[in-house]
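Trainee: Supplied in structure tokens, the structure appears directly below.
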Amino acid sequence: MRREASVLHLDLDAFFAAVEQRDKPSLRGRPVVVGGVGGRGVVATASYEARVFGVRSAMSTREARARCPHAAFLSGRFHAYRTASRQVMAVLRDLSPLVEPLSLDEAFVDLAAADLPDLGVETVTAVARDLRAAVQEATGGLTATVGVATSKFMAKIASDLDKPDGLTVVAPGTEQDLLRPMPVAVIPGVGPATAERLRASGFRTVADLEQASEAEVVRLLGKAHGHGLHRLAHGLDDRPVVAEREAKSISVEDTYAEDVTDRTTMEGLLTRQAATVARRLAKARQSGRTVTIKVRLHDFTTSSRSQTLDAPTDHPQVIARTARALLGEVDTTGGVRLLGVGVSGLADWIQESLFGDEHDEEEPLTELPLAETSRRPAWAPGADVVHSEHGPGWVWGSGRGVVTVRFETAETGPGPVRSFAVDDPALVLLDPGRHEESDDSPADNPSP
Ligand code: DCP
Ligand code: MG
């Protein structure tokens, strides 16, 4: 815990939905739900207008439709979210060199490393206000909520207090007043199971925990967990803001036009991605020890699996084999909409032993039934299109051989709606997110 409120936490408001409203003027001020739009889809996020009806992240889309039938249900445009995220992180890095992104829409900023005259409450409040304006400016109108406090823990709690479009600065010395009445679940690491166990022992609020002895909490939750929790209940948190080092990993991911359901095809796709990653590792003269795969299921849930090897590698077959084995740990029944392969734990050197004869006896890369996976994508609701005559717009809906498009962009006012035959050659689906390469590989789905 610092003497001054110099840890800032920023979190964009209704991030995916806000990007959609920015780019689709007719949806501004209206309920918007982004997520899996299919039968078994899950809500990734909802605009605040939709939250009024009780729509929440991780709720089934079916339930969301029941609660808010008049909302726009969109399937998501990750390339747009990623671009907005980069713009935000750039603004934060302009303020301080010490920026720690936690997910696409969330980061800590160390104001002590910024060039500020002082770190008094008045100064940091003004800085945070300007920062929020700068984020809005850089992103074309996205709003963020900001918390500033003496620790990461408090800053994160503070950034949740005045959502959306708000700012809370916790003056040094007032942390416990704020924390005490809050439920134990505000403490990081207290998930539903731990909260339930604590509740069963009579700990409901942070104040309850604060009054317990450390021994008591440790007895209840085990040493590692209990100790950390007890400290946090007293507002004690010395975790530093750690700037993201460049190129922690090299990864590739692809979103597929249609869910891939065939296991062999999935393995083939991973193998091809592994080859791309290996090529990029070699080009950067790097190798890495940890192979990670990312899988987004048909219903939008995303998971990753990793394996750390004995030695760093940049070998396509080693990466591919590991990736395919990792896929075995994921239940892909129902199909996947995104696959990714990454290598992290990068080292600037390549182990000599990896250049043995092994290289000469590579199995040929699996030939893929490409037609299967790169077929013209379905007209996902919300997807960007361009019509040779009417210009840019987005897919409003489709079915029975007809696709309906609303012609508007962030720069226009609400635009008109027109329908076309799905095979109308004048209408082209844009999907710049189909093949993403990234060096920093921020997670699409932030861990809670
Ligand atoms: N997200 C997701 N699946 C989840 C939770 C979130 O795909 N279960 C995505 C969609 C969100 C983005 O991550 O827009 C950021 O997550 P947040 O928890 O910050 O939620 P929002 O930014 O949408 O809303 P808030 O205003 O509450 O921050
Ligand atoms: Mg957010």
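For the sequence shown, the UniProt record's numbering gives the first residue as 1, with consecutive numbering after it.
Virtual Cβ for every residue (Gly too), placed ideally from N, Cα, C.
Let me know the alpha helix (DSSP H) ranges lying completely inside the region 132 to 209, each 4 residues or longer, listed in chain order.
Mentor: DSSP runs (the alpha helix (DSSP H)) wholly in the region 132 to 209: 152 to 158, 175 to 179, 192 to 200.
Trainee: Can you list, in chain order, the residues of its chain with a C-beta nearer than 8 Å to that of S26? Leave out the 5 residues immediately preceding and following it.
Mentor: Only R406, E408, P414, G415 meet the Cβ criterion.
Trainee: Relative to the ligand MG, what is the chain-ordered list of residues with a Cβ closer than 7 Å to any of its non-hydrogen atoms?
Mentor: Per the Cβ criterion, the list is D11, L12, D13, A14, F15, D105, E106.
Trainee: Below 9 Å between beta carbons: does that hold for M154 and V341?
Mentor: Going by C-beta atoms, M154 is not nearer than 9 Å to V341.
Trainee: Rounded to a whole number of angstroms, what is the C-alpha to C-alpha distance between M266 and W379?
Mentor: Looking at the two C-alpha atoms, the distance is approximately 22 Å.
Trainee: Do L111 and V148 have their C-beta atoms within less than 9 Å of each other?
Mentor: It is a contact, given that the beta carbons lie within the stated cut-off.
Trainee: Taking D130 as the reference, give the member of A212, L10, G189, R285 with the closest Cα.
Mentor: Answer by Cα proximity: L10.
Trainee: How about V32: is its Cβ closer than 8 Å to a heavy atom in the ligand DCP?
Mentor: V32: no, Cβ never under 8 Å from the ligand DCP.
Trainee: Rank E411, L430, V402, T412 by C-alpha distance to the C-alpha of D424 and give the top, closest one.
Mentor: The shortest C-alpha separation from D424 is found at V402.
Trainee: Quick one: is the Cβ of V426 within less than 8 Å of any heavy atom of the ligand DCP?
Mentor: Checking the sequence, you will find Ala at residue 426 rather than Val. Result no, Cβ not under 8 Å from the ligand DCP.
Trainee: Does the region 310 to 328 come within contact of the region 267 to 276, defined as at least 3 CB pairs closer than 8 Å?
Mentor: Contact holds: three or more Cβ-Cβ distances are below 8 Å.
Trainee: Mind checking G76: buried by the 16 CB within 10 Å criterion, or exposed?
Mentor: Buried, by the Cβ-count rule.
Trainee: Note the first and the last residue of the continuous beta strand (DSSP E) segment covering L74.
Mentor: Unbroken beta strand (DSSP E) run through L74: 72 to 74.
Trainee: Could you check the C-alpha separation between A113 and P240 for me, to the nearest Å?
Mentor: So the alpha carbons of these two residues sit roughly 11 Å apart.
Trainee: Can at least three beta-carbon pairs, one atom from the region 278 to 286 and one from the region 300 to 308, be found at a separation below 8 Å?
Mentor: Verdict: no, contact absent.
Trainee: Work out the CA separation of E411 and H390 for me, nearest whole Å.
Mentor: Their backbone Cα atoms lie some 15 Å apart in a straight line.
Trainee: Going by C-alpha to C-alpha distance, which of R263, L327, L346 sits closest to A284?
Mentor: Selected option, being the one with the closest Cα: L346.
Trainee: For A421, I'd like the list of residues in its chain whose CB is within less than 7 Å of its CB, leaving aside the five on either flank, ordered along the chain.
Mentor: Closer than 7 Å at the Cβ level, and outside the excluded window around A421, lie G401, V402.
Trainee: Is A171 close to the ligand DCP? I mean its beta-carbon at under 8 Å from any heavy atom of the ligand.
Mentor: Checking every heavy atom of the ligand DCP against the Cβ of A171, none is found closer than 8 Å.
Trainee: With DSSP collapsed to three states, give me the class of F16.
Mentor: Three-state DSSP puts F16 in a helix.
Trainee: In the DSSP output, what is L346 paired with across the bridge?
Mentor: According to DSSP, L346 bridges with G288.
Trainee: Does the Cβ of G101 lie closer than 8 Å to at least one heavy atom of the ligand DCP?
Mentor: The sequence given here places Pro at residue 101; Gly does not occur at that position. P101: no, Cβ never under 8 Å from the ligand DCP.
Trainee: So which of R197, T45, H315, S60 has the shortest CA-CA distance to G38?
Mentor: Considering only alpha carbons, the answer is S60.
Trainee: Can you give me the C-alpha to C-alpha distance between V91 and D160, rounded to a whole angstrom?
Mentor: Spanning the two alpha carbons is a distance of roughly 21 Å.
Trainee: Once the 5 residues before and after G140 are set aside, which same chain residues still bring their CB inside 8 Å of it?
Mentor: R22, A410, listed in sequence order.
Trainee: Give me the Cα-Cα distance between D384 and A215, rounded to the nearest whole angstrom.
Mentor: So the two alpha carbons sit approximately 57 Å from each other.
Trainee: Is S419 helix, strand or coil by DSSP?
Mentor: Of the three classes helix, strand and coil, the one that applies to S419 here is strand, per DSSP.
Trainee: Please confirm if the region 169 to 187 is in contact with the region 198 to 216, defined as three or more CB-CB distances below 8 Å between the two stretches.
Mentor: Judged by Cβ distances under 8 Å, the region 169 to 187 makes contact with the region 198 to 216, as three or more pairs qualify.
Trainee: Would D237 be called buried (16 or more neighbouring beta carbons within 10 Å of its own) or exposed?
Mentor: Counting Cβ neighbours within 10 Å, D237 comes out buried, since at least 16 surround it.
Trainee: Does the distance between the C-beta of A17 and the nearest non-hydrogen atom of the ligand DCP fall short of 8 Å?
Mentor: At least one heavy atom of the ligand DCP is nearer than 8 Å to the Cβ of A17, so yes.
Trainee: H70: buried (16+ other C-beta within 10 angstroms of its C-beta) or exposed?
Mentor: Label assigned to H70: exposed.
Trainee: The beta strand (DSSP E) with T276 in it runs from where to where?
Mentor: T276 -> not in any beta strand (DSSP E); alpha helix (DSSP H) instead, spanning 263 to 283.
Trainee: Please confirm whether any heavy atom of the ligand DCP lies closer than 8 Å to the CB of A44.
Mentor: Flag set: Cβ of A44 near the ligand DCP.
Trainee: Report the three-state DSSP secondary structure of F300 (helix, strand or coil).
Mentor: Three-state DSSP puts F300 in coil, outside helix and strand.
Trainee: Let me check you understand the geometry: is the CB of S57 closer than 8 Å to at least one non-hydrogen atom of the ligand ADP?
Mentor: Ligands present in the displayed structure are limited to the ligand DCP and the ligand MG, and the ligand ADP is not among them.
Trainee: P364 by DSSP, collapsed to three states: which one?
Mentor: With a pLDDT of only 39 at P364, under the threshold of 50, the placement of this residue in the model should not be trusted, and no figure is reported.
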